[in-house]
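As structure tokens, the structure follows; a few thoughts come after it.
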Amino acid sequence: MGVRKIKKSYISCVGYFKSYKNNNQVAFESILERDFFTILEFEDDVLSYEEQPFRINYKLNGASTRYTPDVLVTYKNGSQKVFEVKYQNEIDSSEELQHKLSVLKDEIFEQKSLSFEIFTDINLNDKYLKTYTFLYRYAFLIENNEMTNKVLEAIKKYSSPVVVKALLESITMEPSEQLKVIPYIWKEVFKNRALINMNEKITMSSIIYPGGWDE
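First residue of the sequence shown: 1302, per the numbering used here; consecutive thereafter.
Right under this line is the structure:
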């Protein structure tokens, strides 16, 4: 739960992002923050993340003020890092903001012994984001052991790469049943992303690699 309550605004996009890694809802204040959360869900070295994690008091241009970071990321190796999420043009157009971010980098390290980084829309890769967004639709698909087992058994039958469409047809040729099965193929890909080439757009023509995709 963040230390600062996120308020609705007519000029920003606020809402809640359902996090698979955190097993809870994470509040966001912009589309960019929501996209950042999506990326974190697919970063293998990220264990968890938290919005609005803490507040610090510091001085800016001689005046006392306070700051609440956007995101605190915890990595699997035990390290943590603070991120400020901002659009690049907002930073580029404000020398005052640039100075503030520079000061905050030193303050965060001095007060919390944490690294401070800025994530901007320049860091976004649309190709990967579209792939992540597509697969994330299936992250919370209701568990169905029968469907899951059918998918896993079908994958195990192949010793070499197979097109998704062919994999689906090996499970069933009935169109109505295929509509029920395909979401569970995508869920398995979400859970085991080594099954597919994440560098390419995911379609029914994508290739499943039973032994794992080797970049």
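Ideal Cβ placement from N, Cα and C applies to all residues, glycine included.
DSSP three-state assignment for residue i, whether helix, strand or coil
i: Ala1455; result: helix
i: Tyr1510; result: coil
i: Arg1254; result: Because the chain is modelled from 1302 through 1516, residue 1254 falls outside the range shown and cannot be assessed.
i: Gln1353; result: coil
i: Asn1323; result: coil
i: Thr1449; result: helix
i: Asn1358; result: strand
i: Lys1377; result: coil
i: Phe1441; result: coil
i: Val1386; result: strand
i: Ser1365; result: strand
i: Val1465; result: helix
Test item: CB-CB of residue i and residue j under 9 Å
i: Lys1488; j: Tyr1439; result: yes
i: Ile1456; j: Pro1511; result: yes
i: Ile1357; j: Lys1413; result: yes
i: Lys1387; j: Val1374; result: no
i: Ser1437; j: Glu1342; result: As written in the sequence, residue 1437 is Tyr, which differs from the Ser given in the question. For Tyr1437 and Glu1342, yes; Cβs fall inside 9 Å.
i: Asn1378; j: Asp1407; result: no
i: Glu1359; j: Leu1415; result: Residue identity check: residue 1359 is Tyr in the sequence provided, not Glu. No, the pair does not count as a contact, with Cβ atoms beyond the cut-off.
i: Leu1480; j: Met1505; result: no
Proximity winner among the options, relative to residue i (alpha-carbon distances)
i: Pro1370; options: Ser1380, Phe1384 and Leu1361; result: Phe1384
i: Phe1420; options: Lys1322, Phe1337, Gln1326 and Thr1449; result: Phe1337
i: Thr1473; options: Met1448, Val1404, Lys1406 and Gly1363; result: Met1448
i: Ser1460; options: Gln1389, Glu1478 and Ile1508; result: Ile1508
Within-9 Å CB hit, residue i to chain B
i: Glu1475; result: Considering every chain present, this structure includes no chain B. It has just one protein chain.
Segment limits, beta strand (DSSP E) that includes residue i
i: Phe1417; result: Ser1416 to Phe1420
Extent of the continuous alpha helix (DSSP H) to which residue i belongs
i: Tyr1433; result: Asp1427 to Tyr1437
i: Tyr1485; result: Pro1476 to Lys1492
i: Leu1405; result: Glu1396 to Lys1413
Is there contact here, the segment 1347-1363 with the segment 1313-1331, by at least three beta-carbon pairs under 8 Å? Contact between the segment 1347-1363 and the segment 1313-1331 is present, because at least three Cβ pairs lie under 8 Å.
Would you call the segment 1487-1504 and the segment 1429-1437 touching, i.e. three or more CB-CB distances under 8 Å? Under the Cβ criterion (8 Å, minimum of three pairs), the segment 1487-1504 counts as touching the segment 1429-1437.
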